[in-house]
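Visitor:
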Amino acid sequence: MGGVGMVGMGSINQAIRSGTFITDVIAMIPERGNHVAIIIVVCAMAVSTGSLLVAAAGSEENKIDGGAPCESAIFCQGELLNAMQLSIDIFKDSKEFVDRPLKASPEEVLKAFKTPSPTGRATREQLNYLLARYFAKVGDDLEKWIPEDWTEPDQDSLLTRIKDGALREFAFALHGTWKDLGRKTAASVKEFPDRHSLLHLPHPFIVHANGEDGRTREQHYWESYWTIHGLLISEMYSTAKGMILNFASLIDRFGYVPMGNRMYYQNRPHPPLLAAMVHLYWHHVKSEANKDAEAFIKTLLPVITKEYRFWMTSRVVDVVVDGKTFTLNRYKGTLTKPRPESYREDLDNVKRAVRQVKDLAHRKSAEEKVYSNIAGASESGWEFSTRWFDKPSAIKSFGDIRTEDIIPVDLNAFLCLTEKHLAFFYDILADDKTSKEYSAKAVRRGNAIRDVFWNATHNMWRDYDLLHRKQREDFYMSSLTPLFAACSSENVDVMSPDFLQRVIGSADVQKLLTYPGGMPASFINPLGTCESCQWDLPNFWPPLALFLIEPLSRVPEMFPVARNISQKVITALYREEATMFEKYDVERVGMYGTNSEYTVMRGYSPTNGAVLRILEIFPKLNGPLTNEVYEETEQADHHPNDFSKNEYPSKDRQMALKSSSPVHEVPSPAPESKSSAFLRPDKTNFPDKPRPTEEDRPTISVKRVRMDSSATVAPSAVPAVPAPTGRLSKDPPRDGAQNCQSSLSISMLALLVCVIAMLL
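Right, here's the structure in full:
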C-alpha cells in the first residue's frame, strides 16, 4: 500500500510541474483502485489549492532567487553581464548588450567566456571577440512590420473632421508613422527563448520610437494606453486588439504585465491599464452588427481579474488615517541588484549613495535597499522623478530614494478605474452580483482617495508619505489622475462642475497654465541634484495633459477651459514634419526635454496617440497659420466619444449573454455598501461622466486665437474635505509574501496528511 501511495505522489508531483495536475491525476484513477484514487484526488486538490494561492500571492516573482529579475546568467545576472556592462568603451548604453540575441546556446557562450586568460580577467579584446562570435546585432530578433489594417484616411475618417488644413495634414502625418513603428518578434524568439532577452509575443505591435536610441525596441506597457488610443482613432482595430492580446499573454505568464517584453523586466510590473485599454477597444468597435466587442470582454475578463489580484496581493499596504484603515497600493521593487538595462548607471548611483556607510554588512543592506527602491521607481513608469525621493527639492544622492514608503495617488486612481471597468464589464455580461462587488470596491477606494490623498488647502490630491505619516508637499501631474479616472467618493462627485471649478482654480493648476511650452510633470527642477530625474521641470510629457483635458471635456461648463488648454498643447507640439518627441521643454516651445538616462526619443507613439486624441476631441482648434482674430459664435466642438444611448445591451441581449456566461470567481468579495449605487454602471456615471452631446453643450463664444495661459475658472463653494493627518497602523502592512507563506503552509499541511494516509 505504501509503495502504491508513493508512486501516486510522484505522479502528482510530476503533474504539478507540468501544470496539468488535475487532468493527469483524474487519469490515474483507473490504475489505482477506488480507495487510493480518492486519496490521490484529495491530495491533488489540496496541493493545487495551495499552489494556486501561492501563484496568486506572489506570481513568478517568488521563483527567482538572489534579487535578480530572472535566472539568465547572461541577460539578468552573472560574471559575463558584469564584465560586459563595465566595459565602458564597448557600450554607450547598458541596454545595448542585454538586447543582443545569442548565436549559440547560453551554455556554449558561458563556456567560451570562462576560458582562462593570462590575466585571469577578460580583456577588452576578448570581450569584443566574444561579442562578434556569439552575439547577434541588436534588433535581429525583431522584424519590421507594416500593419495590415493601415489605410489612407478617407472622407469618413475621424481625422478628416479636423477643420484647420495644417493640423489636418499634421494628423495625417502622425497617422502615417504607424507604418514605421510596426514590429513583430522573430520566429527564433519562440524557437530558442533562452537565446533572447526578448519575450515572444503572439501578435505584431507598435513600438514607442523608431530609431537607434534602443530604449523602446520592445512593446512597453502603461504609455501604450495612448498608443492604442491613437490606433483606434486611426481605425486600426486589428493592430490595437493584437497589442491588447499581447499584454494579456504576459499576464497569463507572470500574473502582471512587466514594463516591457524583456526577460530582465520581470518583477517590475507597470501601472495596470489593461482594463482601460479593453474598454477603449470595446467603445470603438461596439455595434449591433459586431458581437466581437462583447466576446472580447468575455475572453479577457479572467486575465484582467488576474492582474487586479496581483496588485491586491503583492503591492498592497494598510494605512490608518484619523482612526480609519484604508487598503491601498504602492510600488515596491523586489530587485536587490542593478537593473540589467541600466547596469552601469545603477552601480554608479548606488556606490555614491552608500559611500558613507563603513560597516560592510550595513553597506550591503543599504545597497540592496537602494536597488529595490530604484526598481520600484521603474515600476511606476516615472523613472526617475523627484517624486520618489525623501526631500524632492534637496536630493543628495540615490541614497535618498524611498519609493516603497510613498503611496502614489496615480496607482490607486488607476486601480479605481480598473474596479469601475470590471464592474462595467460584468454588467455588460449580466453578472449583476460580481458587478456590484467591484462597484463597492471602487466606492471604497474613492473614499480612501478622498480621505488619504485629497488636500483641502491646496484643492488638489497629494501622494501619501508612509515614513512621515502625512501627505507629501509637492504637486505632480500624477496628482490629477483621480479626475482622469473619475474616481469619486460617497459624498463628493469629482466630476461635478463645482468640484472641477475648485480644482481648476487651485494654485497648482493655475501655475501649470503659465508655461508656454506645455505642462511640466512637476514644479521642481532637479538640475544639479538628480540628472536622471526626467519626470520633472522642465519636461512636459504630452499624454499627461489628458489627465486634465479628458475630464474637463466631459462636462459642458468646463468644455471651454479644456479647449483652451488643448489649444496651448497643440500649438506647442505642432511640427510640420510630424517628428514627435517623448518629452518637451515647457520653457522653450517645441524643443525636446532634458534629463535622461538615454538619448531623447523621436517618433514617440504615445505622444502621437495623445495628439490624435486631443484633435479628436477638438477638431476645430487653430493651426499655426491662423493669425486672424475674430469672434465666432458656434456650438462647442462635438465630442466624438460621446456615450451612445445603446451603451448597454438590451435586457433581451443581457439575458442571452447571461445564459452563456461562465461563473467568475472574485477574490474576497465585499458586501455591497449602501452607497454602491453611486458608482454602479449606468447610463449616467460609468465608466466616466458622460461626455456632453451637441445638444447638451451650451452655445459659447469662441475666440479663435492661441491659448491664453491666464484663463481661469473661479473656484466655487464645495464642501471642504479635511486634509488627512494620521498614523500608520501598528499592524505590519499586508504583503503578498505573508499571503504566500500562509497558503504554502496550508498546502504543506494538507500534503503531509495525505502522505500519512497513504502509508497506513
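For the record, in the sequence shown the residue sitting at position 648 is 648 according to the UniProt record's numbering, with numbers rising by one throughout.
Using N, Cα and C, we set each Cβ at its ideal position, and we do this for glycine too.
1. Going by DSSP, what residues sit across from leucine 102 in a beta bridge?
2. Among Glu218, Pro153, Thr177, which has the Cα closest to the Cα of lysine 95?
3. Whose C-alpha, out of Arg588, Gly517, Phe523, Phe499, is nearest the C-alpha of residue 764?
4. Grab the span of the alpha helix (DSSP H) containing lysine 144 for me, first residue to last.
5. Alpha carbon to alpha carbon, what distance is there between cysteine 487 and alanine 442?
6. Could you tell me the boundaries of the beta strand (DSSP E) in which phenylalanine 326 lies?
7. Helix, strand or coil: how does DSSP classify alanine 720 here?
8. Can you give me the C-alpha to C-alpha distance between proline 153 and alanine 507, rounded to a whole angstrom?
9. Please work out which residues of its chain come closer than 7 angstroms, Cβ to Cβ, to tryptophan 150, disregarding the five sequence neighbours upstream and downstream, and give them in chain order.
10. From the DSSP output, read off the bridge partner residues of proline 482.
11. Can you check which of these residues, Lys620, Glu379, Thr123, Glu367, is closest to leucine 80 by C-alpha distance?
12. Tell me which same chain residues have a C-beta within less than 7 angstroms of the C-beta of threonine 227, skipping the five on either side of it?
13. Sort Lys568, Asp536, Glu379, Ser532 by Cα distance to glutamate 223 and report the nearest one.
14. Output the boundary residues of the beta strand (DSSP E) element that contains valine 316.
15. Would the beta-carbon of alanine 353 fall within 8 angstroms of that of serine 397?
16. Determine the contact status of glutamate 307 and isoleucine 251, defining contact as a CB-CB distance below 8 angstroms.
17. Output the boundary residues of the alpha helix (DSSP H) element that contains arginine 344.
18. Out of Leu127, Gly139, Leu167, point me to the one whose CA is closest to serine 188's CA.
19. Report yes or no: do three or more beta-carbon pairs, one from the stretch 254-270 and one from the stretch 326-343, lie closer than 8 angstroms?
20. In chain order, what residues of the same chain have a beta carbon less than 7 angstroms from the beta carbon of phenylalanine 425, not counting five sequence neighbours either side?
21. Taking the alpha-carbon positions, what's the histidine 208 to valine 503 distance?
22. Buried or exposed, going by whether 16 or more other CB atoms sit within 10 Å of the CB of serine 393?
23. Within the continuous alpha helix (DSSP H) that includes lysine 184, where are the two ends?
24. Rounded to the nearest angstrom, what separates proline 543 and methionine 591 at their Cα positions?
25. Of the residues Leu199, Pro551, Ser157, which one's Cα is nearest the Cα of valine 612?
26. Taking just the CA atoms, how far does arginine 588 sit from leucine 625?
27. What do you reckon, are the CB atoms on valine 409 and arginine 469 nearer than 8 angstroms?
28. Tell me which same chain residues have a C-beta within less than 7 angstroms of the C-beta of proline 619, skipping the five on either side of it?
29. So what does DSSP say about lysine 620, is it helix, strand or coil?
30. So what's glutamine 85 in DSSP terms, helix, strand or just coil?
31. Helix, strand or coil for arginine 121, going by three-state DSSP, please let me know.
32. Could you check what DSSP says for arginine 402 in three-state terms: helix, strand or coil?
33. If you count every other CB in all the chains shown that lies within 10 Å of the CB of isoleucine 146, and 16 or more means buried, which is it?
34. So, for glycine 182: in the same chain, excluding its five sequence neighbours on each side, which residues have a beta-carbon less than 7 angstroms away from its beta-carbon?
35. Please identify the residue among Val319, Leu328, Asp400, Ala375 whose C-alpha is closest to the C-alpha of lysine 337.
36. Should leucine 527 go down as buried or exposed, given a rule of 16 or more other Cβ atoms within 10 Å for buried?
Guide: Well, looking at it:
1. Leucine 102 is bridged to Phe135.
2. Glu218
3. Here the chain comprises residues numbered 1 to 760, so residue 764 is not present and cannot be evaluated.
4. Not the alpha helix (DSSP H): lysine 144 falls in the beta strand (DSSP E), residues 142-144.
5. 8 angstroms
6. From DSSP, the beta strand (DSSP E) with phenylalanine 326 extends over 324-329.
7. Since pLDDT at alanine 720 reaches only 42, below the 50 mark, its modelled position is unreliable, and the value read off the structure follows with that caveat. Coil, per DSSP.
8. 42 angstroms
9. Trp178, Lys179, Met236
10. Under DSSP, no beta-bridge partner is assigned to proline 482.
11. Of the candidates Lys620, Glu379, Thr123, Glu367, the one whose C-alpha sits nearest the C-alpha of leucine 80 is Thr123.
12. Ile206, Ser605, Pro606, Gly609
13. Glu379
14. 316-321
15. yes
16. Going by C-beta atoms, glutamate 307 is nearer than 8 angstroms to isoleucine 251.
17. Where arginine 344 is concerned, the enclosing alpha helix (DSSP H) stretches over 343-353.
18. Gly139
19. Because the criterion of three Cβ pairs below 8 angstroms is met, the stretch 254-270 and the stretch 326-343 touch.
20. For phenylalanine 425, same chain residues with a beta-carbon under 7 angstroms away, outside a window of 5 residues either side, are Ile297, Leu301 in chain order.
21. Straight-line Cα distance between these residues: approximately 32 angstroms.
22. exposed
23. No alpha helix (DSSP H) holds lysine 184; the beta strand (DSSP E) holding it covers 182-185.
24. 17 angstroms
25. Checking the sequence, you will find leucine at residue 612 rather than valine. Minimum Cα distance to leucine 612 is reached at Ser157.
26. Their Cα atoms are separated by approximately 20 angstroms.
27. No.
28. Annotation for proline 619: Arg161, Ile162, Lys163, Asp637 place their beta carbon closer than 7 angstroms to its own, counting only its chain and skipping 5 residues before and after.
29. coil
30. helix
31. coil
32. coil
33. exposed
34. Lys144, Trp145, Ile146, Pro147, Pro204, Ile206
35. Ala375
36. exposed
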